[in-house]
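Last residue of the sequence shown: 252 in our numbering, with the numbers rising by one and none dropped. Contents: one structure, followed by commentary.
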Amino acid sequence: MSAAIFVFTVVGKAADLKGRVYELTHQYKGPLDYAVSYIRENYEKPEDLVIATNYEEAVLMYYLGSKVIIGHIWNNIDQDLMETPDVLINRIYWSKNDWPFPLKYLLKKAEYESSTFPVADHSVNNIPELHFDIKHLYRTPIAEDEAGRLKIYVRRDTPLGGGQDSMDPAFLFPR
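Structural data, given as structure tokens:
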């Protein structure tokens, strides 16, 4: 009887177990892993940047030391709208496939150029939950088309400071 319970339990969890094994042997890179790597590679002092985003702002503050404005709550919206950010990151899932007002407004304050990454602009970088609306991902989410890719907008008059001569994200994907 216990063998039957074990088999039933394992069969029900086979996909999760397979995913966990894959996850242990492969590096996961979510949208913020790409964004943070890109900014670190292109700017000597990311702590001097102002970044506007609509979700996961604490991650950018922690890993880059940058001033991050707007955020998910808009708790300092009046002061934030006075800024001209160096970088804009619109997380599409949280803006219902459109640019929320604050980011649209800020995008018009300067000239920006975009860099696109192959990673899908997934709702979160990753989450440990297996049984929630937003599920844990075991593999790096690669976008199926251009519209689903993560895009970062960089102000044209913000000087590059890292080891790159252009905004080309190819350094992330060695051949």
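Quick reminder that beta carbons are idealized off the backbone N, C-alpha and C, glycines included.
The segment 101-114 makes contact with the segment 193-210; the number of CB pairs closer than 8 Å reaches 3 or more. DSSP, reduced to helix, strand and coil, places lysine 95 within a helical segment of the structure shown. Exclusion of the five residues before and after threonine 217 leaves Tyr105 and Lys106 as the residues of its chain whose Cβ lies within less than 6 Å of its Cβ.
Per DSSP, the unbroken alpha helix (DSSP H) holding valine 113 starts and ends at 108-119. If you ignore the 5 residues before and after proline 195, its C-beta comes within less than 8 Å of the C-beta of Ile219, Ala220, Arg226 and Phe250, all in its own chain and listed in chain order. In this chain, alanine 197 is not harboured by any alpha helix (DSSP H); it is covered by the beta strand (DSSP E) spanning 189-197.
Secondary structure of isoleucine 169 (DSSP, three-state): helix. The C-alpha of alanine 92 is placed about 42 Å away from the C-alpha of glutamate 121. The residues Leu158, in chain order, have a CB closer than 8 Å to that of tyrosine 182 in the same chain once the five nearest residues on each side in sequence are set aside.
About 5 Å separates the beta carbon of leucine 165 from that of alanine 129, a gap short enough to meet the 8 Å contact definition.
The alpha-carbon of threonine 193 is positioned some 23 Å away from that of histidine 103. Residue state for isoleucine 154 is assigned as helix, using DSSP reduced to three classes. The secondary-structure analysis by DSSP pairs isoleucine 211 with nothing; it has no beta-bridge partner.
For valine 136, there is no enclosing beta strand (DSSP E); the residue is part of the alpha helix (DSSP H) that begins and ends at 134-141.
Relative to the Cα of asparagine 203, the nearest Cα in the group Lys95, Asp234, Tyr132 and Asp222 belongs to Tyr132.
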